[in-house]
Amino acid sequence: MRRSRLTAYVTSLLLATVFALTGATTAQASQRAAATGYVALGDSYSSGVGAGSYIGSSGDCKRSTKAYPYLWAAAHSPSSFSFTACSGARTGDVLANQLGPLGSGTGLVSISVGGNDAGFSDVMTTCVLQSESACVARINTAKAYVDSTLPGKLDSVYSAISAKAPAAHVVVLGYPRFYKLGGSCLAGLSETERAAINSAADYLDSAIAKRAADHGFTFGDVRPTFTGHEICSGSAWLHSVNWLNIGESYHPTASGQSGGYLPVLNASD
């Protein structure tokens, strides 16, 4: 009798545990199923600088109807769409100004951020206007920042996203390589400079990918989709220096958004 009672007790305890776990899993699944809104965060690569067709109400943030978040929302009709990505945004700007729309109903979040923190604009200005040695030195400074400081800043952003939108699938988009190497190029930079800039993009992407993975996020690598469409390729999806509109320099064109970024988000969502 004692053994039978013990067996019955253990069995009931196991069943109760299974039901509790099943109930929790069901609740989580239900929460995720109900979360169908899309929030697009990030910097100019997400807002669509360089793609044209800017939304007037977005002001200096220059959100474009040809940017990959807008294109994704138009194709998939999420229950809600909030587009808060902004030109020039750094990690601190995302934390301060962009996270408001996140909530329990957010099912998808996309973000590109980190390039401005690492000094992207200053790197390109140095490489275009100064010597080859100055260009390489500035890139090395940026890499040191990516090693020492950027991971913590990315952690702060990624943790805040998870806290505010616990049911969301988060896709962290990286940055393309800028130049096709080898052969002739009218970009005004030496092969050494172009190779160093590409190396910096790889370095930044590797750091972002690691932080994204550690938070359970998906890293969307756009380098494969941009291959063959770099500056100097003859079919570039990136602006080179645009002296008439300097802000669009080194940003994706409309084709870069639709052909370079959008397919990566589609494959990752």
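If you count by mature numbering (1 follows the signal peptide of the UniProt record, and there is no 0), then the sequence shown holds residues -29 to -1, 1 to 240, one letter each, in order.
The C-beta atom is built at its ideal place from N, Cα and C for all residues, glycine as well.
All values derive from a computational prediction rather than experimental measurement.
Item: For residue 152, the three-state DSSP class (helix, strand or coil); Value: coil
Item: Residue 88, buried or exposed, once every other Cβ within 10 Å from all chains shown has been counted against 16; Value: buried
Item: Extent of the continuous beta strand (DSSP E) to which residue 11 belongs; Value: 8 to 13
Item: Local conformation of residue 78 per DSSP, three classes; Value: strand
Item: Whether residue 188 touches residue 142 by CB criterion (9 Å); Value: yes
Item: Continuous beta strand (DSSP E) stretch holding residue 144: start and end; Value: 140 to 144
Item: 6 Å CB neighbourhood of residue 164 in its chain, flanking five on each side removed; Value: 98, 103, 106
Item: Contact under 9 Å by Cβ, residue 145 with residue 118; Value: no
Item: Within 9 Å, strictly: CB atoms of residue 63 and residue 114; Value: no
Item: Element boundaries [beta strand (DSSP E), containing residue 189]; Value: 189 to 191
Item: Complete runs of the alpha helix (DSSP H) confined to the segment 35 to 106 [at least 4 residues]; Value: 39 to 47, 62 to 68, 91 to 100
Item: N-terminal and C-terminal residue of the alpha helix (DSSP H) that residue 235 is part of; Value: 233 to 239
Item: Neighbourhood of residue 44 by C-beta, 7 Å cutoff - its chain only, sequence neighbours within 5 removed; Value: 9, 52
Item: Inter-stretch contact at 8 Å, needing at least 3 Cβ pairs: the segment 54 to 70 / the segment 5 to 24; Value: yes
Item: Coil, strand or helix - residue 16 by DSSP; Value: helix
Item: Test item: CB-CB of residue 210 and residue 230 under 9 Å; Value: no
Item: Three or more C-beta pairs below 8 Å linking the segment 74 to 85 and the segment 20 to 32; Value: no
Item: Contact check, residue 226 vs residue 208, beta carbons under 9 Å; Value: yes
Item: Through-space distance from residue 110 to residue 7, alpha-carbon basis; Value: 40 Å
Item: Nearest-angstrom beta carbon gap, residue 191 and residue 235 [assumed within contact, 8 Å]; Value: 4 Å
Item: Cβ separation of residue 204 and residue 151, assumed to be a contact under 8 Å, to the nearest whole Å; Value: 4 Å
Item: Cα-Cα separation between residue -5 and residue 218, rounded to whole angstroms; Value: Note that residue -5 has pLDDT 41, beneath the 50 cutoff, so the model's placement of it is unreliable and no number is given.
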